[in-house]
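**Student:**
2 protein chains.
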Amino acid sequence: MNSIKIQHLLNYFDKYWAIEELTVKMLDKCVTKRKLKRKENILTEGEKCNHLTFVIEGILKTYHVDKKGNQHNLQFTSENKWVTDFSSLYNSIPSKLNIETIEPSIILQIKKEDLFKLYDNSPMFDRNMRIITENAFIEQQERVLQHISSTAHERYLYFLNKYPDLSNRISNIQIASYIGVTPEFLSAIRKKTTI
Amino acid sequence: MNSIKIQHLLNYFDKYWAIEELTVKMLDKCVTKRKLKRKENILTEGEKCNHLTFVIEGILKTYHVDKKGNQHNLQFTSENKWVTDFSSLYNSIPSKLNIETIEPSIILQIKKEDLFKLYDNSPMFDRNMRIITENAFIEQQERVLQHISSTAHERYLYFLNKYPDLSNRISNIQIASYIGVTPEFLSAIRKKTTI
DNA sequence: TAATTTTCTTAAACTATCTTATTGTTTTAC
DNA sequence: GTAAAACAATAAGATAGTTTAAGAAAATTA
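In structure tokens:
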């Protein structure tokens with residue numbers, strides 16, 4: 001069977017616990033595939049987040065806009081990664097975040113109600129999402145540790161090392177926002193780094 | 001039934017999906033209750049983390065020691081919260097973290113092998129841990145956002161507001177380390193705040 | 001290909017945060 | 001109850017990071 005629509009997702013789940021045949025069918029039914037241009041939004045601040053999103057191709061950024069109007073990049077999501085605003089999704093509250101493509105992208109989306117059905121019908125899908133979330137937690141914790149213990153220069157080198165692919169595909173302005181410095185200061189850091 | 005040992009944990013799980021009677025029995029069998037003095041370690045850098053820990057009473061800090069020997073507080077864990085080093089626990093690698101009581105404490109611990117058995121035997125326990133981890137992720141993400149978008153002063157006010165209880169029980173030195181500033185600078189911040 | 005927008009760099013002045021050192025106070029351990 | 005250790009406040013000089021502004025290079029769009 002393995003319909004073309006969710007083939008990527010099935011390949012992805014190969015690394016995790018095998019999900020039941022029935023769950024595969026269910027997934028195929030409820031997943032929506034979307035092609036997005038550059039700079040398209042899939043979540044806008046103030047809206048409720050209603051989807052869990054899986055990236056097949058491209059890159060999205062999750063950012064917050066502060067009172068002064070400055071954007072702060074919380075996350076980049078590229079191939080085979082998940083993105084959503086858990087807080088908004090689960091608590092049905094307006095999101096403080098924006099999610100936007102920074103490359104033309106292809107994504108799969110699961111609606112909130114379908115996600116809950118999947119959890120109810122498939123303990124293995126539920127478990128896989130636990131493991132995926134645990135890994136996401138580890139990543140965030142590592143990032144917090146960096147912020148309380150490392151300089152901006154060290155955070156930049158860590159980013160280059162951990163995401164060599166993203167480093168080449170994403171502008172320095174976006175990277176600066178992600179590591180928490182101004183583009184000007186990142187430029188100064190890069191001058192020291194590359195010589 | 002509800003043995004005294006895990007009563008706290010059962011009360012805690014009331015807020016989540018009900019776990020099966022058999023799981024309750026299993027939990028009771030495999031959970032170890034420990035009383036700890038102030039400054040006792042339950043995880044030391046270099047060791048493999050083998051437990052998931054639930055705090056019944058007291059406070060623990062999870063910290064990392066950098067090359068210069070400075071401690072950086074990644075997390076405080078107080079009543080009805082969980083703590084572990086996921087990265088070390090799941091990947092069986094030496095931990096870079098230390099977990100230590102900062103108050104005399106009472107904790108429950110589940111060994112790694114028992115944890116996996118619980119996951120295998122109880123989809124609802126597994127699910128509850130997914131939800132708990134999702135919430136922990138949200139908390140970490142919020143903290144990352146603070147570091148890339150707020151000043152130390154703002155981070156301090158946020159801490160006071162979010163953890164009023166902890167603020168009174170934890171020394172300013174520990175709080176400074178948590179928000180990522182020196183104790184001296186926190187002192188300067190406090191001077192501005194309280195006047 | 002030209003026009004337009006975005007990105008990157010430089011520099012100088014400014015602000016936030018750190019370091020070191022000193023002193024008095026509170027907590028803890030015996 | 002007292003000695004020892006940990007904690008908190010302050011100040012001055014040093015470093016890290018921001019702001020503003022301007023120009024050059026690169027990427028996107030028409």
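Chains as they are written, first to last, in UniProt numbering: chain A, 1 to 195; chain B, 1 to 195.
Just so it is clear, CB atoms sit at the ideal spot from N, CA and C, and this is done for glycine as well.
These figures come from a predicted structure and were not determined experimentally.
1) Would you mind reading off the limits of the alpha helix (DSSP H) that contains residue 10 (chain B)?
2) I need the straight-line Cα distance from residue 10 (chain A) to residue 44 (chain A), nearest angstrom please.
3) Round the Cβ separation of residue 58 (chain A) and residue 123 (chain A) to the nearest angstrom and send it over; I've been treating them as touching at under 8 Å.
4) Name the two residues that bound the continuous alpha helix (DSSP H) containing residue 155 (chain B).
5) Is residue 181 (chain A) helix, strand or coil by DSSP?
6) For residue 18 (chain A) and chain B, any beta-carbon pair shorter than 8 Å?
7) With DSSP as the reference, label residue 31 (chain A) as helix, strand or coil.
8) Would you please verify whether the beta carbon of residue 94 (chain B) is less than 8 Å from any beta carbon of chain A?
9) Give the DSSP-derived three-state secondary structure of residue 94 (chain B) in the structure shown.
10) Can you tell me whether residue 176 (chain B) is buried or exposed, with buried defined as 16 or more other CB within 10 angstroms of its CB?
11) Mind checking which residues open and close the alpha helix (DSSP H) that includes residue 133 (chain A)?
12) Which of the three DSSP states, helix, strand or coil, is assigned to residue 19 (chain A)?
13) Which bits of chain A does residue 119 (chain B) rub up against, with CB to CB less than 9 Å?
14) At which residue ranges does the stretch 49–116 of chain A contain complete alpha helix (DSSP H) runs of 4 or more residues, listed in the order of the chain?
15) What's the gap between the Cα of residue 101 (chain B) and the Cα of residue 26 (chain B)?
16) Inspect the beta-carbon positions of residue 167 (chain B) and residue 157 (chain B) and report whether they are closer than 8 Å.
17) Which chain B residues sit within Cβ distance under 7 Å of residue 180 (chain A)?
18) Got a sec? Which residues, its chain only, sit under 8 Å from residue 172 (chain A) by beta carbon, not counting five neighbours each side?
19) Give the residues from the stretch 130–144 of chain B that approach chain A closer than 7 Å (Cβ to any Cβ), ordered along the chain.
20) Out of curiosity, what's the CA-to-CA distance linking residue 195 (chain A) and residue 148 (chain A)?
21) Assuming the contact rule is C-beta atoms closer than 8 Å, residue 52 (chain B) and residue 84 (chain B) should be a hit. Round their C-beta distance to whole Å, please.
22) Assuming the contact rule is C-beta atoms closer than 8 Å, residue 55 (chain A) and residue 107 (chain A) should be a hit. Round their C-beta distance to whole Å, please.
23) Skipping 5 residues on each side, what residues in its chain have a beta carbon closer than 7 Å to that of residue 88 (chain B)?
24) Which residues in chain B have a C-beta closer than 9 Å to the C-beta of residue 86 (chain A)? List them in chain order.
25) Figure out for me which residue from B:179, B:140 and B:134 has the closest Cα to the Cα of residue 152 (chain B).
26) Can you look up residue 175 (chain A) in the DSSP assignment and give me helix, strand or coil?
27) Which residue or residues does DSSP assign as beta-bridge partners of residue 36 (chain A)?
28) Where does residue 42 (chain B) sit, in a helix, a strand or coil, going by DSSP?
29) Skipping 5 residues on each side, what residues in its chain have a beta carbon closer than 7 Å to that of residue 17 (chain A)?
30) In chain B, which residues lie with their C-beta within 8 Å of the C-beta of residue 74 (chain A)?
31) At a Cβ cut of 7 Å, what residues of the stretch 48–78 of chain B count as close to chain A, listed as they run along the chain?
32) Which residues in chain B have a C-beta closer than 8 Å to the C-beta of residue 244 (chain A)? List them in chain order.
33) Answer with buried or exposed for residue 134 (chain B), where buried requires no fewer than 16 other C-beta atoms within 10 angstroms of its C-beta.
34) Can you confirm whether residue 104 (chain A), when its beta carbon is compared against all beta carbons of chain B, has any partner nearer than 8 Å?
**Tutor:** So, from the data block:
1) Element bounds for residue 10 (chain B): 7–13.
2) Rounded to whole angstroms, residue 10 (chain A) to residue 44 (chain A) spans 29 Å at the Cα level.
3) That belief does not hold up - the Cβ atoms of residue 58 (chain A) and residue 123 (chain A) are roughly 31 Å apart, past 8 Å.
4) Residue range 152–162 is occupied by the alpha helix (DSSP H) that includes residue 155 (chain B).
5) It is coil, neither helix nor strand.
6) Judged by the 8 Å Cβ criterion, residue 18 (chain A) is not in contact with chain B.
7) Assignment of residue 31 (chain A) by DSSP, reduced to helix, strand and coil, places it in the coil class.
8) It does not; no Cβ of chain A falls within 8 Å.
9) In the three-state scheme derived from DSSP, where H, G and I count as helix and E and B as strand, residue 94 (chain B) is classed as strand.
10) With 16 or more Cβ atoms within 10 Å of its Cβ, residue 176 (chain B) is classed as buried.
11) It spans 123–149 - the alpha helix (DSSP H) in which residue 133 (chain A) sits, taken as one unbroken run.
12) In this structure, residue 19 (chain A) counts as coil in the three-state DSSP scheme.
13) Within 9 Å of the CB of residue 119 (chain B), the CB atoms of chain A belong to 127 and 130, in sequence order along the chain.
14) Qualifying alpha helix (DSSP H) stretches, in chain order: 86–91.
15) Approximately 27 Å, taken between the alpha carbons.
16) It is not a contact, given that the beta carbons lie outside the stated cut-off.
17) The contacting residues are 147 and 148.
18) Close CB contacts of residue 172 (chain A) within its chain, under the 8 Å cut and outside five residues either way in sequence, are with 183, 186, 187 and 190 (chain order).
19) The stretch 130–144 of chain B vs chain A, Cβ under 7 Å: 130, 133, 134, 136, 137, 138, 140, 141, 143 and 144.
20) At residue 195 (chain A), the pLDDT of 44 sits below 50, so the modelled position is not reliable; the number obtained from the coordinates is stated separately. Separation of residue 195 (chain A) and residue 148 (chain A) (C-alpha to C-alpha, rounded to the nearest whole angstrom) is 27 Å.
21) In this structure residue 52 (chain B) is in contact with residue 84 (chain B), their Cβ atoms being roughly 5 Å apart against a cut-off of 8 Å.
22) 5 Å between Cβ atoms; contact.
23) Cβ neighbours of residue 88 (chain B) beyond the five flanking positions: 48, 49, 94 and 95.
24) Residues of chain B whose Cβ lies closer than 9 Å to the Cβ of residue 86 (chain A) are, in chain order, 134, 135, 137, 138 and 141.
25) Considering only alpha carbons, the answer is B:179.
26) Secondary structure of residue 175 (chain A) (DSSP, three-state): helix.
27) In DSSP, residue 36 (chain A) forms a bridge with A:105.
28) The three-state reading of DSSP puts residue 42 (chain B) in strand, counting E and B together.
29) Close CB contacts of residue 17 (chain A) within its chain, under the 7 Å cut and outside five residues either way in sequence, are with 124, 127 and 128 (chain order).
30) Result: 141, 144, 145 and 148.
31) Going along the stretch 48–78 of chain B in chain order, one finds 64, 66, 72 and 74 with a Cβ nearer than 7 Å to chain A.
32) It is not possible to answer for residue 244 (chain A), since the shown part of chain A is limited to 1 through 195.
33) Classification of residue 134 (chain B): buried, given that the 10 Å Cβ count is 16 or more.
34) With 8 Å as the cut-off, residue 104 (chain A) does not count as an interface residue toward chain B.
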